[in-house]
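S.K.:
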Amino acid sequence: MKMHKIATLSVAAVASLALVACGADNGTQEPAPAMTAGSPSEVDPPAETAEPAETETPAETAAPAETAPEATPDETPAVEAGSAADATTARDLAVAHILEETGTEGIVIDQDLENRQGRWDVDVLAGDTVYEVKVHTVDGTAMTDDQEGADGDDRAAAAATVTIGEAIEAALAHTPGIVEDASWDDDGGGRWEIEVVPAAGGDDVEIHVDPSSGEVVGTDN
20 MKMHKIATLS VAAVASLALV ACGADNGTQE PAPAMTAGSP SEVDPPAETA
70 EPAETETPAE TAAPAETAPE ATPDETPAVE AGSAADATTA RDLAVAHILE
120 ETGTEGIVID QDLENRQGRW DVDVLAGDTV YEVKVHTVDG TAMTDDQEGA
170 DGDDRAAAAA TVTIGEAIEA ALAHTPGIVE DASWDDDGGG RWEIEVVPAA
220 GGDDVEIHVD PSSGEVVGTD N
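Just add 19 to wherever you are in the sequence shown, counting from 1, and you've got this note's numbering.
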């Protein structure tokens, strides 16, 4: 009887084990591991990024209006041929030329306007010689054209208290216009004779200027 009971127990134990094995095979599935924060998961697709707003193209700036170039004054303003200023320039050029050529500073004793383009014949006494100088006041050139020995009238003109330039100014103050000729006249003990083309029109006028006082002492037409 005892042996039968043991056998029965053994059979029951084996049956229990078999049931356990079957239960395992029928498989109780292991629980899925828990999702951790770092684990990948189904992620919502990224939201569509908004396209950048179209920026307005800056309006084209209007090109600055072209400004007319400023008028530049001439480097040397035009001087009327035969004017007092033009006559002064002619004398200065002639004296400078003779000084450079001879080393002697001369004195102008006669000047004649050759044409209305600023060309003058200027006589310069330097030492005992009178030099005839061709001068162009427009381009500033001067050249010796002739020379001769000085005489008494030449020396008297050079020694006058009133210079030829001062005599020209006195004549133009009396009769405004253009100087055609300025020279020494030995009449009446000597005087300056200035020939002027009047600005008001009419015939040329010879104006006599006292070489001591600078006063106009007479005129001839």
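Even for Gly, the Cβ is constructed at its ideal location relative to N, Cα and C.
Using 8 Å for Cβ pairs, my map puts residue 198 next to residue 213. What's the rounded Cβ distance?
M.R.: By 1-based counting over the sequence shown, the position of residue 198 is 179. By 1-based counting over the sequence shown, the position of residue 213 is 194. Confirmed, about 6 Å.
S.K.: Scan the region 159–210 and note each continuous alpha helix (DSSP H) run of 4 residues or more that stays entirely inside, going in chain order.
M.R.: 171–178, 183–193
S.K.: Measuring only the C-alpha atoms, how far is residue 114 from residue 145?
M.R.: Residue mapping note: residue 114 aligns to position 95 of the sequence shown, counting from 1. Residue mapping note: residue 145 aligns to position 126 of the sequence shown, counting from 1. Each residue's alpha carbon lies about 9 Å from the other.
S.K.: Taking the C-alpha atoms as reference points, what is the distance between residue 240 and residue 112?
M.R.: Indexing the sequence shown from 1 puts residue 240 at position 221. Indexing the sequence shown from 1 puts residue 112 at position 93. Each residue's CA atom was taken as its position, placing residue 240 and residue 112 some 31 Å apart.
S.K.: Roughly how many angstroms lie between the CA atoms of residue 176 and residue 224, to the nearest whole one?
M.R.: As a position in the sequence shown, residue 176 is number 157, starting the count at 1. As a position in the sequence shown, residue 224 is number 205, starting the count at 1. Going by the C-alpha atoms only, they are around 21 Å apart.
S.K.: Per DSSP, which residues does residue 138 bridge with? Please list them.
M.R.: Looking up residue 138 in the sequence shown gives position 119. Residue 138 is bridged to 134, 155.
S.K.: I'd like the span of the beta strand (DSSP E) that includes residue 250, first residue to last.
M.R.: Since the first residue of the chain shown is 20 and the last is 240, residue 250 is not available in this structure.
S.K.: Sort 141, 206, 191 by Cα distance to residue 102 and report the nearest one.
M.R.: In the sequence shown, the residue the question calls residue 102 occupies position 83. Measuring from the Cα of residue 102, the nearest candidate turns out to be 191.
S.K.: Exposed or buried, what is residue 230 when buried is set at 16 or more other beta-carbons lying within 10 Å of its beta-carbon?
M.R.: Locating residue 230 in the sequence shown gives position 211, where the first residue counts as 1. Residue 230 comes out buried.
S.K.: In its own chain, which residues sit with a C-beta less than 6 Å from the C-beta of residue 150, not counting the 5 before and 5 after it?
M.R.: Taking the first residue of the sequence shown as position 1, residue 150 is located at position 131. For residue 150, where only same-chain residues beyond five positions count, the Cβ hits under 6 Å are 117, 143, 163, 166.
S.K.: Below 7 Å CB to CB, which residues in the same chain sit around residue 179 once its five sequence neighbours on both sides are set aside?
M.R.: Position 160 of the sequence shown, counted from the first residue, corresponds to residue 179. Taken in chain order, the residues that qualify are 230.
S.K.: Please report the straight-line C-alpha distance between residue 189 and residue 119, rounded to a whole angstrom.
M.R.: If you number the sequence shown from 1, residue 189 lands on position 170. If you number the sequence shown from 1, residue 119 lands on position 100. The straight-line gap from Cα to Cα measures roughly 30 Å.
S.K.: By the 10 Å Cβ neighbour count, where 16 or more other Cβ atoms means buried, how is residue 196 classified, buried or exposed?
M.R.: For the purposes of this step, residue 196 is taken as the residue at position 177 of the sequence shown. Residue 196 comes out buried.
S.K.: How would you call residue 242, buried or exposed, if buried means at least 16 neighbouring beta carbons within 10 angstroms?
M.R.: This structure cannot settle anything about residue 242, because the visible part of the chain is limited to 20 through 240.
S.K.: What first and last residue would you give for the alpha helix (DSSP H) that runs through residue 120?
M.R.: Sequence index remark: in the sequence shown, residue 120 carries index 101 (1-based). Note, residue 120: alpha helix (DSSP H), 103–121.
S.K.: In terms of DSSP beta bridges, what is residue 222 paired with?
M.R.: Counting from 1 along the sequence shown, the entry for residue 222 is found at position 203. None, per the DSSP bridge assignment.
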